[in-house]
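Heads up: the structure comes next, in structure tokens.
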Ligand SMILES: Nc1ncnc2c1ncn2[C@@H]1O[C@H](COP(=O)(O)OP(=O)(O)OP(=O)(O)O)[C@@H](O)[C@H]1O
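In the working numbering, the protein residues as written are 24 to 261.
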């Protein structure tokens, strides 16, 4: 089932066209990997979807409804590459902030469970300024999960996480997929999503140059059976 549809999205920075009339859809219960060389337009695309950047043209629909409706935007969670957290709030206050913003009831148990999964429960009263980069990333992930959104847009999720953090986050992504959530992961580290993709979208110079399952992309280039996602990407994008 299609849960998000992007139609003809275009974004210019001044005279430079960063994203050029791209269209794609994301399905519920699937993980889509958004890949592309530096400057391909991946972050611009995600930020336009979230209305963090004003798009020049195009429309985004969530379950058939325009993303312009505020209530629809609450279905989304964004996990940026650089954790967007407040230096003088404690870890727990960040989660409380999300609970207040989304008017959540009985959020504490879930918040505690998530902090435990990521091994940062003992940091709950620490101000975020003093956390390591990976710990900040974990707080940002917990914030994204707390309001139980349906669609996750995630930029470089594994950069900065330690091996256990990566494994825990992969387990969470798999669980969300099983729950029927929609997940878009933008990453350069394709080995990290080798087992974690249903569809791959490859962008280059603001355009989509490939879109399909790993098998479909492999067939497109006549690749060998055991070809890795990284090899497929390099063959298509270079
Ligand atoms: N604020 C900005 N002002 C002007 N140009 C920008 C701005 N942000 C991005 N660009 C340009 O838009 C294009 C797409 O950039 P974008 O950051 O979306 O690419 P990306 O695929 O996310 O790259 P990376 O993998 O390096 O993070 C690039 O040519 C970049 O220089």
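We put the beta carbon where it would ideally sit given N, CA and C, even for glycine.
Please read all numbers here as calculations on a predicted model, not as lab measurements.
Can you give the Cα-Cα distance for residue 99 and residue 248, rounded to whole angstroms? 36 Å
Does the Cβ of residue 55 have 16 or more other Cβ atoms within 10 Å, making it buried, or fewer, making it exposed? buried
Under 7 Å between the Cβ atoms of residue 71 and residue 32? yes
What is the DSSP secondary structure of residue 80, counted as helix, strand or coil? strand
By Cβ distance below 7 Å, which residues in the same chain neighbour residue 91 in space, the five residues on each side in sequence not counted? If we look at residue 91 and ignore the five residues flanking it on each side, it has no Cβ neighbours.
Taking 6 Å as the cut-off, is the CB of residue 171 close to at least one heavy atom of ligand 1? no
Taking only the alpha-carbon atoms, compute the straight-line gap between residue 151 and residue 80 and give it to the nearest angstrom. In a straight line, the C-alpha of residue 151 is about 38 Å away from that of residue 80.
Do residue 63 and ligand 1 come close, with the Cβ less than 6 Å from some heavy atom? The nearest non-hydrogen atom of ligand 1 is less than 6 Å from the C-beta of residue 63.
Top-ranked residue by Cα proximity to residue 68, from 207, 255, 26, 218: Looking at the Cα atoms, 207 is the closest of the given residues.
N- and C-terminal bounds of the alpha helix (DSSP H) containing residue 205: Segment 205-209 is the beta strand (DSSP E) holding residue 205; no alpha helix (DSSP H) there.
Assuming residue 42 and residue 235 make a contact with CB atoms under 8 Å, what is their CB distance in whole Å? Contact between residue 42 and residue 235 fails: their C-beta atoms lie close to 20 Å from each other, not under 8 Å.
Look up residue 194 in the DSSP assignment and say whether it is helix, strand or coil. Looking at residue 194 - three-state DSSP - the assignment turns out to be helix.
Residue 188 and residue 156 - do their beta-carbons sit closer together than 7 Å? Their beta carbons are not under 7 Å apart, which means residue 156 does not touch residue 188 by this criterion.
For residue 106, is the classification buried or exposed, using 16 other Cβ atoms within 10 angstroms of its Cβ as the cut-off for buried? buried
Residue 210 beta carbon near ligand 1 (any heavy atom closer than 6 Å): No, since every heavy atom of ligand 1 falls outside the 6 Å radius drawn around the Cβ of residue 210.
Given a threshold of 16 other Cβ atoms within 10 Å of its Cβ, counted over all protein chains shown, does residue 162 qualify as buried or as exposed? buried
In this structure, how does DSSP classify residue 158 when only helix, strand and coil are distinguished? helix
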